[in-house]
Each structure stands twice: as structure tokens, then as C-alpha cells.
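Sequential numbering of the sequence shown, starting at 5, is according to my numbering. The next block holds one structure in the form of C-alpha cells; read it before the comments.
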Amino acid sequence: MINVSHLTKKYGRFKANDNLSFTVSDGEIAVLAGPNGAGKSTAIKCIAGLLRFSGEIEICGHNNKSADAKRILGYIPEIPAPFELLTVWEHMEFIARAYRLENWEERAEKLINRMELDDKRNKFGKELSKGMQQKISICCALLIQPKAVLFDEPFVGLDPHAIKELKAMLSEMRGNGTSVIISTHMLESVEEFWDKVFIMMNGRIEAERDRKIVEQSGENLEELFFSITEKGK
Ligand code: ADP
């Protein structure tokens, strides 16, 4: 469960996030949608505990800056930042040690295999393409078997196989009760599996909808998005 309550993030006087409150339940995939500059990445970084903010954020009941929260939270940033001088496999080892994981090797093998990084396992982070770095980020975040995961524009830069695998992983996460937030402006990429959507504009949530409600209205995600973001245009 991810619980965000009155999240406000200012850069100087500018409010990049203005009093956001929302919940993502166990086994729910929530999409944070919105045009460029709406405040999606800022919200994700606040939830990940990387920025100072006012308000409260809890991950499965733990304050998001606590060690208990960090132990169960996965974050895949928009711009991957692997360690330049660690190999793909050493990234797995590093995470396993940092999080004191046990019996992680088989899981790491499987993740690397699903992301088609097997033949790159001995390559350094700096030797990998942006897409491959993105794949390492995904493997690192999922190795810890997080109870909540934040994906910031995860599909940008991934090849079709990795996109297919990631979608399969998302549905597995939903099945095992993980709370997922995906920020994206590529709505067609999440159309098959989203459960809840928050449409952001100018730092605020302009609309929050459950999939059932949108389907009952006969709209799709894209139509809903434009009806909110281009209202009055
Ligand atoms: P999105 O992810 O929806 O594209 P962001 O959260 O990246 O939006 O940005 C929201 C707003 O905050 C934008 O107007 C952006 O220019 C501003 N912003 C983001 N990061 C900073 C920063 N470090 N300093 C000042 N303003 C920032």
C-alpha cells in the first residue's frame, strides 16, 4: 500500500506538487498521467524519498524515509544511473548485499535472463546502452521483491521484448499484491493493465478514476486524458 497525504513540493516559490493525496492499494497498478511538466517525476521522487517535501507518505504503513520503507520499495528512475564500474552481475551482488538478501542468485539469474542481459553480465555499467542500463535498473529494483514499486516512464528506451517482459512482470506483481505506480505520458503502453489513473496538471491531480468507471462510461484512457487536460481548449 502506498499512501500519499497532502504532498506539496516547492522549488523556490513554484509548487511542482500541490497538495496531492492518493492511495494505491495492494495489488493495484496506478498510472500517474499528465503532460510534460505536470509534476509526475517530482511526485515519484518524493515517494521514493529522494526529495524534501511537506505532507506525509507511507509505504505499507512505514514513513517513506524510514529503513523499513526503503527495504520494501523499488524505484526505477526515468534516467538510469548504473554504477559505471560495476558489471551487470556485480549490480545484482551489490543490491543483494546492501539489502542483506538471502538466496537471491537464482532470482537474479532469472531477471537478467528475462531482460536479455545474459551475454552482458560481465560488461560494466558504462559500457551499456541506455536501454540496457534501464534493464539493469529494473533488475535491481525487482531483485529485492518489493511490496511497492515506482516506475518513472519505464517503457521509454526499452526494446519490444523487454516491454513484453515488463508487462508480464507487472501482471505478476499485481498477482502477488505489490502496489505499483507508473508515471507515463504514453497511455497506449499501459492501456491493457492499469487499475487506477491519476491525471495530473500543473502540480495537481485533476482527476482520479478507477478502470471500471472509465470502462462503464465507454471511454478509453486516452479519451479521458484529453477530456481533462484539454478542457476548454
Ligand atoms: P513531469 O514528470 O510531469 O514531466 P516534473 O515533475 O519533472 O514533471 O516537473 C514538474 C515541474 O517542476 C516542471 O515545471 C519543472 O520545470 C519543475 N522542476 C522539476 N525539477 C526541478 C528542479 N530541480 N528545480 C526547479 N524546478 C524543477
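Note that the Cβ used here is the ideal one computed from N, Cα and C, for glycine as well.
Alpha-carbon to alpha-carbon, residue j and residue i
i: residue 173; j: residue 118; result: 10 Å
i: residue 202; j: residue 97; result: 36 Å
i: residue 41; j: residue 206; result: 7 Å
i: residue 9; j: residue 127; result: 42 Å
i: residue 46; j: residue 161; result: 20 Å
i: residue 262; j: residue 23; result: Residue 262 falls outside the range modelled here, since the chain spans only 5 to 237, and no answer is possible.
i: residue 169; j: residue 178; result: 14 Å
i: residue 183; j: residue 123; result: 31 Å
i: residue 70; j: residue 90; result: 27 Å
i: residue 135; j: residue 19; result: 32 Å
i: residue 221; j: residue 228; result: 10 Å
i: residue 103; j: residue 159; result: 26 Å
i: residue 5; j: residue 48; result: 15 Å
i: residue 138; j: residue 94; result: 16 Å
i: residue 33; j: residue 237; result: 30 Å
i: residue 7; j: residue 25; result: 8 Å
i: residue 35; j: residue 44; result: 10 Å
i: residue 53; j: residue 13; result: 12 Å
The ligand ADP heavy atom lying under 7 Å from the CB of residue i
i: residue 193; result: no
i: residue 46; result: yes
i: residue 42; result: yes
i: residue 155; result: no
i: residue 38; result: yes
i: residue 103; result: no
i: residue 15; result: yes
Counterpart residues of residue i in DSSP-defined beta bridges
i: residue 238; result: In the structure as shown, the chain starts at 5 and stops at 237, and residue 238 therefore has no counterpart that could be examined.
i: residue 3; result: Since the first residue of the chain shown is 5 and the last is 237, residue 3 is not available in this structure.
i: residue 156; result: 187
i: residue 128; result: 91
i: residue 33; result: 184
i: residue 18; result: 15
i: residue 27; result: 7
Proximity test, residue i beta-carbon vs the ligand SAH heavy atom, cut-off 7 Å
i: residue 20; result: This structure simply doesn't include the ligand SAH; it includes the ligand ADP instead.
**OP:** May I have a chain-ordered list of the beta strand (DSSP E) segments no shorter than 3 residues that lie completely inside the stretch 69-108?
**Re:** 77-80
Original post:
Taking three-plus beta-carbon pairs below 8 Å as touching, is the stretch 111-126 in contact with the stretch 180-198?
Top reply: No: the two stretches stay apart, fewer than three of their Cβ pairs being nearer than 8 Å.
Subject >> contact_flag[the stretch 63-80, the stretch 206-223] where n(CB pairs < 8 Å) is 3 or more >> reply: no
**OP:** Count the C-beta pairs between the stretch 72-80 and the stretch 139-151 that are closer than 8 Å, then say yes if the count reaches three, no if not.
**Re:** yes
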